[in-house]
Structure formats: structure tokens, C-alpha cells
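Here's the structure, in C-alpha cells; my notes come after.
Residue numbers (the working numbering): 425 to 970.
As C-alpha cells, then:
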């Protein structure tokens with residue numbers, strides 16, 4: 425706790441100046457469907473209505489993609505109702521205007537396809553315990569089937585967290601979504617006791633629900649991320665009180681324990697606070713992440729004059745501090761972000777100006793896939809067309825994805841997020857438009873599995889040869905001798921060892937064994953030179969003798 429306090433004193437002094445962007449970071453948004461408050465803003469009754477709803481969603485996703493949001497949490501189970509054709513629960517009224525009536529298309533499938541073609545993850549946001557007002561359609565239908573399962577508290581209905589049937593039922597909903605759809609995550613909301621619950625509250629009852637969902641989801645698709653949105657303060661801290669509102673004791677939500685026990689892959693704590701109610705608790709979440717991913721839920725709705733009328737500087741500081749301590753960020757909600765309340769969208773477009781990859785789930789699978797087999801680049805006056813071959817997956821995922829990098833320097837530095845031009849790309853060809861007079865670009869492609877593990881880079885061979893990554897990327901050596909295949913240098917007269925900046929530091933006649941003992945430890949490029957004075961890159965090699 426002393427470390428937390430000292431670090432807190434440091435981070436609260438961080439100005440709103442931009443902090444260097446990491447390559448891996450979750451940048452998410454909650455996209456709410458209840459009442460259509462984020463989407464859809466119109467009802468679908470016919471083909472025209474369907475097209476309008478779909479156009480609305482595409483416009484939202486385009487604007488989110490433009491500011492490099494990489495994760496969409498789409499409200500999928502609303503209040504014992506859904507936005508997809510479920511075999512368990514009826515349609516929510518937000519889609520067609522009438523609960524129980526189909527809008528004429530599968531909104532979840534459409535959203536998944538549109539997110540994936542933009543290189544974004546889609547997580548199905550499942551509201552768990554609340555089932556709506558007592559006499560609403562979803563609550564009524566559920567009460568008919570399970571008359572003793574639903575608790576009447578105030579005007580609302582809630583599934584009883586103390587009943588094992590609740591765990592089985594909610595798990596069956598998550599299983600249905602996981603089995604039928606190519607989702608990237610299941611995101612649990614309100615996985616806790618109602619704050620108005622009378623009587624004692626047991627953490628084990630809530631954990632039983634989480635455990636049952638985890639069993640169902642991971643059985644079918646272990647790469648699907650399981651996450652939840654806990655109360656923004658886990659518990660009281662030694663020097664900072666939660667002021668009577670925390671996850672662990674008030675609503676029996678042991679979110680940090682779920683990370684520790686491997687039941688959750690991500691957390692999105694709802695940190696809709698300022699000052700001492702935000703920063704020390706953010707640090708507490710990150711210090712207790714148990715190697716998993718924690719994403720700060722930012723209450724940007726508080727910027728609105730009809731809410732708390734926060735200044736934009738508060739959100740800027742929260743973004744900077746959470747990035748400084750290694751947390752991602754998630755906006756509540758999409759409409760306030762896209763409406764650019766107090767300029768928040770404009771600020772984020774600069775703050776997240778480069779894309780970011782989602783942190784890999786190394787705790788579930790850590791072997792990176794193979795790099796693509798070949799990479800060719802066809803250049804025209806207006807565009808570059810990249811084509812590459814597929815690679816073998818080492819995981820149990822259904823397919824591989826690709827990240828594409830570009831730079832005026834070679835080899836392309838894939839550690840720099842500024843060089844990312846496409847992420848989670850689904851195809852094996854990409855056309856990139858070029859501006860007239862712009863410097864030529866060099867390219868690199870990596871493979872990505874569904875756990876987020878990334879391969880080594882297949883760098884473009886500037887001189888046009890199509891070599892495998894094993895031949896063109898790293899050449900074998902033992903610190904004394906560099907080995908070359910006989911076919912690699914058939915037309916070469918000389919060999920040249922260069923720095924990564926292109927400076928030649930050693931030459932020798934063409935031969936299958938190159939003496940590298942005079943070279944210091946480091947990374948080098950090997951080139952060939954033929955009788956016509958044409959150079960070819962043969963590959964890279966690393967000397968590491970210690």
C-alpha cells in the first residue's frame with residue numbers, strides 16, 4: 425500500500441500533455457441498445473428500416489474506427505430480451521419497436537461482420553441479473569417459465585443470485601451466443617447483487633454464476649475473452665475510503681478474485697468518479713491484475729451539462745494516468761463520445777492517433793503463429809498492392825488474422841505503432857493508396873492468432889525476391905560462422921554485411937560460410953552483389969555470444 429500511495433502522489437502530478445502511445449492497449453466503447461439510446465435510433469419493420477438501422481451502425485463503427493477504437497462492447501442481452509434470434513429469450517423492442525417481434529435480420533451477426541471487416545473486436549455485452557420492470561415483456565416471459573426465480577424489488581425484477589438455476593440459465597445464454605457467433609468476447613454486466621437487496625450477500629453465489637459461464641464459454645471457444653464491468657472501487661483502501669460503495673463488500677462482486685482464479689480475462693471497472701475517488705482505485709485495480717487485462721471505464725457522460733458538467737481536462741487526466749500505469753480505456757457511452765461533448769471525440773482522435781493491438785491472452789495460449797509464407801508488393805503510380813501467403817496456426821482458433829506495417833525506413837520497425845496501417849486484417853491482399861510525390865514505403869506483415877499472439881515479421885524484400893521468413897529474416901550462425909544455402913547466392917560475386925541503417929561494415933567473396941568473428945554482438949543485414957552491381961538482401965542475422 426505504501427507503493428500505491430507514493431505512486432499516486434506521482435501520477436496526480438501528470439499534466440494533460442500527451443503520453444507516448446503503446447503498441448498494445450484496449451480502446452473500447454460501450455454501445456448501448458436498451459431503448460436505442462446509442463443504437464438503433466430507428467425501428468426496422470421492412471427492408472428500408474433494416475437498411476437504415478444497418479447504415480446507422482456502419483456510420484457509428486466508421487467513426488469509432490477513425491479514432492482507433494479496437495473493441496466494441498455491444499449490448500446483446502438487454503433485459504431478459506435479445507438483439508439476435510435466440511432460442512431462449514424473446515427479441516428486445518429496441519430493434520422492431522415491439523418486444524418479441526423480429527426486425528427481419530440478425531443484428532448481432534451483422535454487427536460482428538462489420539466490426540471484423542474493420543479490424544475491431546466485438547464482445548457480446550450480456551446484462552445478467554436485472555430482467556427489467558416487473559410487467560415488461562421479457563420479465564413476464566421469464567416469470568412464466570421460472571415463477572420462483574425472479575425477485576420483485578421495487579419496480580424491477582431480478583434473477584435470484586442465490587439460486588443455482590440462475591447460474592445455469594445465464595450460462596446457457598452465454599453458451600448460445602458463443603456457439604452460434606464468431607464473437608471475440610462475452611462481457612458480463614451487473615454480475616452482482618442488487619444494491620437494494622435485503623439480507624446477507626454471499627460472494628460465492630455470484631462467483632458460482634461466473635464459474636458456470638466460464639465453463640460453458642471456454643469449453644467451446646477458449647480464445648473468447650470473458651470480462652465484466654465491476655463497481656469502480658473494489659474495496660476500501662488503507663488511506664482512501666470507497667464511501668460505502670464498492671464491489672467486494674456492498675454487492676459481493678469479487679472481481680479481483682476472478683482474475684486471480686483465472687475466471688476472467690479482462691475487467692472493465694466502472695470508474696465514473698473524479699480525484700481521490702478515481703486515481704488511487706485505478707492504481708489498486710492495476711496492481712491486482714494478476715497478469716490479466718484491466719481497462720478503466722471512463723464516465724464521459726459526466727461531461728454533459730445535464731449530468732455533472734465535468735471539464736474535459738478531467739477526462740484528459742484520467743486517460744493519461746491510466747495509460748501511464750498500463751491500463752486501457754473504455755468510454756461510457758458511445759453517444760457522448762460521438763456527439764463530441766466538450767470536444768472529447770476531437771481530443772481522442774489525437775490522443776489515440778495510431779492504432780493499437782489488443783494485449784494477447786498469453787495465459788491461455790502463448791505460442792505465436794508462423795509468419796506469412798511470402799510477401800510481394802506491386803507498385804503503381806497511385807497505389808501499392810500487397811499480397812502474402814498464409815501461415816500455419818499453432819492454436820485451436822478457427823482462422824488467422826494479419827497486421828500490416830509500413831515505413832519509409834527498412835526494415836520496418838514493428839514495435840512502433842505509428843507503422844501500423846491495418847490490424848486484425850482478414851484477407852491476404854491489401855491495396856494502399858499513395859499520395860503523389862510521397863516517399864516510397866517498405867512493408868512488413870505479421871500473423872495474428874485469435875488469442876492475440878503475433879508472429880515475427882515477414883519483411884518486404886526491396887529487391888523483389890520472394891523468400892520465406894526463415895530464409896529472409898534470420899540467418900543461422902553460432903557467433904563465429906554464418907551459414908548460407910547454396911541457392912541463396914548463385915549470381916553473387918561478393919557478400920556485404922550492413923548495419924540496419926544500411927552502412928556496409930564488412931565484405932567478403934561469395935562463399936557458403938561467412939566469418940563473423942570480427943563483428944560485435946548485434947543485429948545485421950546480409951546483402952549480395954553481382955557482376956552488374958545489383959544488390960539483393962539475403963536476410964538478417966543476430967549475433968549473441970553471451
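All C-beta atoms, glycine included, are put in the ideal place defined by N, C-alpha and C.
{"Query": "Sequence-distant residues of the same chain with beta carbon closer than 7 Å to residue 634, five excluded per side", "Result": "615, 682, 687"}
{"Query": "Beta carbon proximity, residue 720 to chain C, threshold 9 Å", "Result": "Of the protein chains in the structure, only one exists, and it is not chain C."}
{"Query": "Among 713, 744, 882, 799, nearest to residue 793 - alpha-carbon criterion", "Result": "882"}
{"Query": "Classification of residue 720 by the beta-carbon crowding that lies within 10 angstroms, buried from 16 upward", "Result": "buried"}
{"Query": "Buried versus exposed call for residue 568 [16 or more other C-beta atoms within 10 Å across all chains shown]", "Result": "exposed"}
{"Query": "Segments assigned alpha helix (DSSP H), at least 4 residues, entirely inside the segment 586-637", "Result": "588-604"}
{"Query": "Given 8 Å, three or more beta-carbon pairs between the segment 663-679 and the segment 516-524", "Result": "no"}
{"Query": "Test item: CB-CB of residue 877 and residue 848 under 9 Å", "Result": "no"}
{"Query": "Cβ contact (3+ pairs, closer than 8 Å) linking the segment 960-968 and the segment 935-948", "Result": "yes"}
{"Query": "Residue 626 versus residue 497: straight-line alpha-carbon distance, rounded", "Result": "28 Å"}
{"Query": "Separation of residue 814 from residue 573, as counted between CA atoms", "Result": "50 Å"}
{"Query": "Rounded C-alpha distance that separates residue 579 from residue 557", "Result": "6 Å"}
{"Query": "Three-state secondary structure (DSSP) of residue 561", "Result": "helix"}
{"Query": "Per DSSP, the bridge partner or partners of residue 549", "Result": "499, 611"}
{"Query": "Simplified DSSP assignment, three categories, for residue 905", "Result": "strand"}
{"Query": "Backbone secondary structure at residue 701 - three-state DSSP", "Result": "helix"}
{"Query": "Simplified DSSP state of residue 961, which is helix, strand or coil", "Result": "strand"}
{"Query": "Check whether residue 582 and residue 555 have beta carbons under 9 Å apart", "Result": "yes"}
{"Query": "For residue 737, three-class secondary structure by DSSP", "Result": "helix"}
{"Query": "Sequence-distant residues of its chain with Cβ nearer than 6 Å to residue 935 (five each side left out)", "Result": "none"}
{"Query": "C-alpha distance - residue 698 paired with residue 864, whole-angstrom precision", "Result": "47 Å"}
{"Query": "Segments of 4+ residues assigned as alpha helix (DSSP H) that fall wholly inside the segment 701-787", "Result": "703-711, 736-748, 758-762, 768-775"}
{"Query": "Cut-off 6 Å between Cβ atoms - residues of its own chain near residue 821, not counting five sequence neighbours on either side", "Result": "647, 873, 874"}
{"Query": "Residue 850 burial status per 10 Å Cβ neighbour count (16 or more: buried)", "Result": "exposed"}
{"Query": "Whole-angstrom distance between residue 799 and residue 547, CA atom to CA atom", "Result": "32 Å"}
{"Query": "Which of helix, strand or coil DSSP assigns to residue 574", "Result": "strand"}
{"Query": "Neighbour-count burial assignment, residue 426, 16 or more Cβ in a 10 Å radius", "Result": "Because the pLDDT of residue 426 is 45, which lies under 50, any placement of that residue in the model is unreliable, and the question is left without a value."}
{"Query": "Reference residue 570, options 589, 840, 660, 473, closest by Cα", "Result": "589"}
{"Query": "Span of the beta strand (DSSP E), counted from its first residue to its last, around residue 672", "Result": "Premise fails: residue 672 lies in the alpha helix (DSSP H), 671-674, not in any beta strand (DSSP E)."}
{"Query": "Run of the beta strand (DSSP E) containing residue 810, from where it starts to where it stops", "Result": "807-812"}
{"Query": "Reference residue 884; option with closest CA among 858, 857, 832, 920", "Result": "832"}
{"Query": "Enclosing alpha helix (DSSP H) for residue 473 [first to last residue]", "Result": "471-490"}
{"Query": "Nearest to residue 704 (by Cα), restricted to the options 658, 515, 643, 525", "Result": "658"}
{"Query": "Per-residue burial, residue 927 [other beta carbons within 10 Å of its own, 16 or more giving buried]", "Result": "exposed"}
{"Query": "Sufficient close CB pairs (3 or more, under 8 Å) joining the segment 505-515 to the segment 443-453", "Result": "no"}
{"Query": "Neighbourhood of residue 500 by C-beta, 7 Å cutoff - its chain only, sequence neighbours within 5 removed", "Result": "506, 507, 508, 532, 548, 549, 550, 601"}
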